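Below is one structure, written out as structure tokens; the observations come after it.
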Amino acid sequence: MKNKVNSRIWLKTLRKKSGYTQEELAEKLGMPKTTYSSYEQGHRTPSVETCKVIADELGVSWTIFFDEKVRETYFKNDKKAGVK
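For the sequence shown, numbering that gives the first Met the number 0 gives the first residue as 0, with consecutive numbering after it.
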């Protein structure tokens with residue numbers, strides 16, 4: 000079984016790629032920083048609706064939260080395009 004904490008490194012990567020700090024993104028999303036941080040750290044799982052809001056702000060499909068293949072494809076395509 001995967002460690003939940005490690006499973007959300009991708010969310011931190013997306014946030015940083017979008018130019019947000021945790022505090023900035025949480026404010027933009029209308030939630031406390033501690034709530035967003037707990038999602039990113041894997042301590043809490045956001046609802047589908049919250050996933051959609053976060054994904055929309057980060058410019059990705061909300062299914063990235065639930066499907067490892069979507070995450071792999073997203074980051075693989077970024078790597079091919081030379082995006083860091």
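Glycine is no exception: its CB is placed at the ideal position from the N, C-alpha and C atoms. Here the structure is a predicted model, which means the values were calculated and not measured.
Residue i vs residue j beta-carbon contact at 9 Å
{"i": "Ile8", "j": "Leu28", "result": "no"}
{"i": "Glu56", "j": "Leu24", "result": "yes"}
{"i": "Phe65", "j": "Cys50", "result": "yes"}
Classification of residue i by the beta-carbon crowding that lies within 10 angstroms, buried from 16 upward
{"i": "Arg14", "result": "buried"}
{"i": "Glu39", "result": "buried"}
{"i": "Pro31", "result": "exposed"}
Segment limits, alpha helix (DSSP H) that includes residue i
{"i": "Trp61", "result": "First-last for Trp61: undefined, no H or E at that position."}
{"i": "Thr20", "result": "Taken as a continuous stretch (DSSP letters only), Thr20 belongs to no alpha helix (DSSP H), as it is neither H nor E."}
{"i": "Thr33", "result": "Lys32 to Gln40"}
When the options are compared against residue i, the one with the closest alpha-carbon
{"i": "Lys16", "options": "Val69, Val59, Phe65 and Glu26", "result": "Val59"}
DSSP state of residue i mapped onto helix, strand, coil
{"i": "Thr12", "result": "helix"}
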